[in-house]
Amino acid sequence: MYQAPRGTADILPEEQAYWRYIEQKVEAICRLYGYERIDTPVFEDAGLFIRSVGEGTDIVEKEMYTFKDRGDSQITLRPEGTAPVCRAYLEHGMPNLVQPVKLFYLAPIYRYERPQAGRYREHHQFGCEAIGEADPALDAEVIDMAWQFFISLGLNNFSLQINSIGCKTCRPEYIKALCEYYNGYRDRVCAECRTRLERNALRLLDCKKPDCRQVAAGAPSSVDYLCPDCAAHFNRLTSYLKVMGLPFNINPCLVRGLDYYTRTVFEIQPDVEGAQSTLGGGGRYDVLIEELGGKPTPGIGFGAGIERMILNLKRQQVAVPPLAKPGVFIACLGEAAKAEAVRQAALLRKKGIGVLMSLGEKSLKAQLRQSNTIGVGYTVILGENELQTGTAVIRNMASAQQETVPLNKLPEHLRL
Ligand code: HAM
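Residue numbers (our numbering): 11 to 426.
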């Protein structure tokens with residue numbers, strides 16, 4: 011028997027209410043903040059991600075689903091949503107629109123990770139990108155949007171972590187200080203961190219191993235190395251967050267796992283669990299568009315995992331509205347009544363009333379049991395007697411009361 015590939019999951023009917031609930035909240039928040047939906051292909055040219063996410067990152071080095079298609083093109087299943095949106099921004103002349111261009115997406119994302127609770131090889135993200143504006147007020151707005159989104163879901167007990175990792179002017183100085191510091195701890199950090207020290211020093215701060223975390227705790231902070239422009243940007247951002255009353259924590263170890271970030275980075279983390287549970291994260295990417303061949307254009311955005319939202323909705327026992335189901339079941343006895351049931355079901359559906367009907371040959375008792383299990387509001391019963399008099403019995407399933415009504419009056423009696 012085949013099974014769904016490791017790290018993927020079927021979204022079964024009983025889970026769908028969570029997904030619809032989240033999609034509605036996404037659409038509502040995006041309307042409030044002025045984001046329009048964009049859908050990009052599930053796969054892109056591999057180069058797009060290598061270029062943007064960065065060669066030294068886990069995503070590019072170990073996690074991308076990359077293959078040659080039949081035309082010999084190097085293809086990658088989307089491992090994140092920002093680069094495709096920036097590609098589309100350039101491809102469709104969006105630099106000519108009023109800036110910032112604000113786009114959101116709901117999209118499946120593919121990463122060959124070690125699966126565990128909250129971490130999958132196929133997951134889904136709500137992401138948004140605001141491209142073409144460098145004002146720190148936009149950083150504050152994007153962070154506020156992420157925060158208000160999780161609140162709108164009914165979640166609580168999460169915190170906002172922010173940091174600034176500077177720009178190409180000030181970051182080299184910081185990386186130098188970081189490397190000098192870590193050089194003194196070569197023996198204490200893990201083998202992977204020793205490689206990071208050579209290749210991608212910022213990521214040293216992100217290692218989850220206990221020893222490495224201890225070393226990271228004493229490392230120099232990027233905010234102490236910011237150039238005057240980056241420092242001013244960060245100060246204005248924090249002052250705006252205060253104006254909005256958003257509680258934040260400046261976390262010097264927050265560096266993010268993708269190379270395109272500049273200046274502001276942030277994450278929203280639930281209070282209960284470790285790093286694998288981050289609800290959402292993002293930041294500025296002021297050189298990404300240029301890197302992809304456009305004019306210098308700043309941008310900022312965030313992504314949030316839908317599976318992790320659902321995990322937290324369940325954990326916090328947030329009730330989501332159930333999806334609408336047919337409210338009527340038609341039971342019938344005998345072939346003539348079955349034909350009438352087929353006719354009535356079609357008529358009722360044309361009037362917008364959801365109907366299920368009994369199939370096969372079952373006793374009335376079995377049909378009523380079935381109708382009870384499905385959980386409809388009404389059962390319509392059609393038998394010989396009813397056919398002769400042109401009527402049907404309607405049973406209210408909650409009160410168990412029954413009444414006989416003319417067939418042509420069924421719709422009026424079945425409006426729930
Ligand atoms: P990211 O932090 O890699 O950022 O992913 C964003 C969110 O997606 C995470 O916070 C988490 O909720 C969810 N997520 C990531 N990987 C998995 C996984 N394997 N299984 C389940 N959920 C996962 C980005 O992807 C950036 N593109 C975000 C961004 C947008 N930055 C700027 N704009």
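Just so it is clear, CB atoms sit at the ideal spot from N, CA and C, and this is done for glycine as well.
For residue i, which residues in the same chain have their Cβ closer than 7 Å to its Cβ, ignoring the five residues on either side in sequence?
i	result
Leu236	Ser174, Gly176, Cys180 and Phe244
Met319	Ile32, Leu163 and Leu289
Ala150	Leu247, Tyr250, Leu251 and Met254
Ser231	Pro262
Phe77	Ile85
Pro118	Val52, Glu132 and His134
Helix or strand or just coil, what does DSSP make of residue i?
i	result
Tyr120	strand
Gln138	This sequence places Cys at residue 138; Gln is not what is there. The answer is strand: DSSP assigns Cys138 an E or B state.
Asp281	coil
Asn406	strand
Asp55	strand
Gln126	strand
Ser174	strand
Leu251	helix
Met11	coil
Cys237	coil
Lys112	strand
Cys342	strand
Tyr388	strand
Ala38	helix
Arg80	coil
Met367	strand
Thr272	strand
Thr86	strand
Arg294	strand
Ile310	strand
Arg16	coil
Ile21	coil
Pro332	coil
Arg287	Here residue 287 is Ser; the residue named in the question, Arg, does not match the sequence. Helix, per DSSP.
Arg204	helix
Leaving aside the five residues before and after residue i along the sequence, list all residues of the same chain whose C-beta is less than 6 Å from its C-beta, in chain order.
i	result
Leu212	Val265
Val328	Gly164
Thr50	Pro94 and Ala98
Glu413	Ile404
Ala334	none
Lys112	Gly44, Tyr45 and Ala140
Which residue from the options puts its Cα closest to that of residue i?
i	options	result
Thr18	Arg124, Leu298, Tyr130 and Arg47	Tyr130
Pro421	Lys361, Val152 and Gly309	Lys361
Glu345	Ala356, Leu392 and Leu357	Leu392
Asn406	Gln326, Lys419, His423 and Ser83	His423
Met74	Gly66, Arg80 and Phe160	Gly66
Lys218	Glu202, Leu207, Asn210 and Pro257	Glu202
Gln26	Asn193, Val70, Glu317 and Ala347	Glu317
Thr389	Ser409, Gly370 and Glu371	Ser409
Lys348	Lys186, Asp234 and Leu397	Leu397
Cys251	Ala187, Leu207 and Asp154	Reading off the sequence shown, one finds Leu at residue 251, where the question assumed Cys. Measuring from the Cα of Leu251, the nearest candidate turns out to be Asp154.
Leu417	Gly387, Ala355, Val386 and Glu371	Ala355
Val233	Lys419, Gly293, Cys222 and Ile260	Ile260
Pro336	Gln380, Gly292 and Gly385	Gly385
Lys72	Tyr43, Arg41, Ile60 and Tyr122	Tyr122
Arg273	Phe339, Ile310, Ile119 and Phe258	Ile310
Pro125	Ser287, Pro332 and Asn382	Ser287
Gly387	Ile363, Ser373 and Asn395	Ile363
Ile172	Leu256, Arg379 and Arg223	Leu256
Glu90	Leu343, Asp197 and Ala56	Ala56
Leu116	Arg30, Leu215, Arg206 and Val330	Arg30
Ile299	Leu374, Arg61 and Glu54	Arg61
Is it buried or exposed, residue i, if we count other Cβ atoms within 10 angstroms and call 16 or more buried?
i	result
Ser368	buried
Pro220	exposed
Lys35	buried
Leu146	The amino acid occupying residue 146 in the given sequence is Pro; Leu does not appear at that position. It counts as buried.
Thr399	exposed
Gln135	buried
Pro306	exposed
Cys430	Residue 430 is absent from the model: the chain starts at 11 and stops at 426.
Tyr12	exposed
Cys189	exposed
Arg16	exposed
Arg294	buried
Gln411	exposed
Ile21	exposed
Val365	buried
Should residue i be listed as close to the ligand COA, given that the test is whether its C-beta is under 7 Å from any heavy atom?
i	result
Phe53	Annotation note on the ligand COA: not contained in the displayed structure, which lists the ligand HAM as its ligands.
Looking only at its own chain, which residues have a Cβ that is under 8 Å from the Cβ of residue i, when we skip the five neighbours before and after it?
i	result
Leu58	Thr86, Ala93, Pro94, Arg97 and Leu302
Phe114	Val36, Cys40, Tyr45, Glu46, Arg47, Ile48, Phe136, Gly137, Cys138 and Glu139
Asn167	Pro280, Asp281, Val282 and Gln326
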